[in-house]
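Trainee: Let me give you the structure first, and then I'll get to my questions.
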Amino acid sequence: MTYSPDNTAASMQQLLPAWEDTVHDAQTVFRSLLKALSEPGTIQRIRVNLQAPAPLHMATAAACLALMDYETTAWLADEFDNDAVRTYLRFHCGLPLVSEKSSANFAVLSSSLQQLDLQGFAQGSMTYPDKSSTLLIQVDDFSSGTEYQLTGPGIKDKRSIYISGLPADFVSKWQVNHTAFPQGVDVIFCSGDAVLGLPRTSKIAEVQSEELPCT
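Next comes the structure, spelled out in structure tokens:
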């Protein structure tokens, strides 16, 4: 995408505000994100008043504001790579946006990305596993779509979740990511005003629906 001075000026004129209460709102969202990752599969509501530039959901924008700053980098999938989103993140987070996903601390993408290459993002190292990417994946909702079961740290026995629109090969790709621990990416799913965490320590399996017998 080509950016002209006119595009930049227009984006600044339409720039949406960030937090109403910077300290309180940022801390509130950050705690919700930590809880989502420490209790994988639990839906955490983002209880702040925030407008998001299209096509970001409120929860996605809130996660960006809480996690990103001038010391981090971010990569945007094509559907989010527009003037409004780029200006919003650059202005409110002060961070550089990068074109190479492997060099990004954070990535913003959606479940409609059918070729989701988890290993194409920063994986960290055995010495510095925290140098990996965190993916903010925007989905339609957490009440319909495919049922998955999560197991692992932070989950007693197992936990069922519903996520709509994930690629058919997501589970197999996540298995590769999980077995690379302590390396690998972490995921925060965002939808509407809610987030759901999937850290690299979690295992995920698709629940196969039972077919009704023929009569």
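According to UniProt numbering, the sequence shown is numbered sequentially starting from 1. Every residue gets a Cβ at the ideal spot worked out from N, C-alpha and C, and that includes glycine.
Which first and last residues belong to the beta strand (DSSP E) in which Q149 is found?
Mentor: For this step, residue 149 is matched to residue 149 along the sequence shown. From DSSP, the beta strand (DSSP E) with Q149 extends over T146 to T151.
Trainee: Check each candidate in L95, R47 and N105 and name the one with the smallest Cα separation from G120.
Mentor: Walking along the sequence shown from the start, residue 120 turns up at place 120. G120 has its Cα closest to that of N105, out of L95, R47 and N105.
Trainee: Could you give the distance in angstroms between the alpha-carbon of T73 and the alpha-carbon of K158?
Mentor: Sequence index remark: in the sequence shown, residue 73 carries index 73 (1-based). Sequence index remark: in the sequence shown, residue 158 carries index 158 (1-based). Using only the alpha carbons, I get a separation of about 34 Å.
Trainee: Quick check: what's the CA-CA separation for L33 versus M68?
Mentor: Within the sequence shown, numbered from 1, the residue matching residue 33 stands at position 33. Within the sequence shown, numbered from 1, the residue matching residue 68 stands at position 68. Rounded to the nearest angstrom, the two C-alpha atoms are 13 Å apart.
Trainee: Starting from Y162, trace the alpha helix (DSSP H) in both directions and tell me its first and last residue.
Mentor: On the sequence shown, residue 162 is found 162 positions in, with the first residue counted as 1. Element bounds for Y162: not the alpha helix (DSSP H) but the beta strand (DSSP E), R159 to I163.
Trainee: Have a look at the DSSP bridge pairing and note the partners of T127.
Mentor: Here residue 127 is taken as the residue at index 127 of the sequence shown, counted from 1. DSSP, once it has assigned bridges, lists no residue as partnering T127.
Trainee: Using CA atoms only, rank isn't needed, just tell me which of K203, T151 and F181 is closest to V171.
Mentor: For the purposes of this step, residue 171 is taken as residue 171 along the sequence shown, with counting starting at 1. The option with the nearest alpha carbon to V171 is K203.
Trainee: Contact check, A194 vs I43 under 8 Å by CB: the rounded distance?
Mentor: Here residue 194 corresponds to residue number 194 of the sequence shown, with the count starting at 1. Here residue 43 corresponds to residue number 43 of the sequence shown, with the count starting at 1. Rounded, the Cβ-Cβ distance is 5 Å, consistent with contact.
Trainee: Counting beta carbon pairs with one atom in the stretch 80-92 and one in the stretch 47-56, are three or more of them shorter than 8 Å?
Mentor: Counting Cβ pairs under 8 Å, three or more are found: they touch.
Trainee: Going by other Cβ atoms of all chains shown within 10 Å of its Cβ, with 16 needed for buried, is V207 buried or exposed?
Mentor: Here the question's residue 207 lines up with position 207 in the sequence shown. So V207 counts as exposed.
Trainee: With F142 as the anchor, note down where its beta strand (DSSP E) starts and where it stops.
Mentor: Counting from one through the sequence shown, the residue named residue 142 turns up at place 142. Element bounds for F142: n/a, residue is neither H nor E.
Trainee: Using alpha carbons as the reference points, say which of D140, T146 and V176 lies closest to F123.
Mentor: For this step, residue 123 is matched to residue 123 along the sequence shown. Here residue 123 turns out to be Gln, not Phe, going by the sequence shown. Minimum Cα distance to Q123 is reached at V176.
Trainee: Assuming contact is defined by CB atoms lying nearer than 8 Å, are G41 and Y70 in contact in what I supplied?
Mentor: To locate residue 41, count along the sequence shown from 1; it is residue 41. To locate residue 70, count along the sequence shown from 1; it is residue 70. No, they are not a contact pair.
Trainee: Among V98, L65, A62 and C64, whose alpha-carbon lies nearest the alpha-carbon of D78?
Mentor: Walking along the sequence shown from the start, residue 78 turns up at place 78. The candidate whose alpha carbon is nearest that of D78 is V98.
Trainee: Could you check the C-alpha separation between L196 and K101 for me, to the nearest Å?
Mentor: Within the sequence shown, numbered from 1, the residue matching residue 196 stands at position 196. Within the sequence shown, numbered from 1, the residue matching residue 101 stands at position 101. Rounded to the nearest angstrom, the two C-alpha atoms are 22 Å apart.
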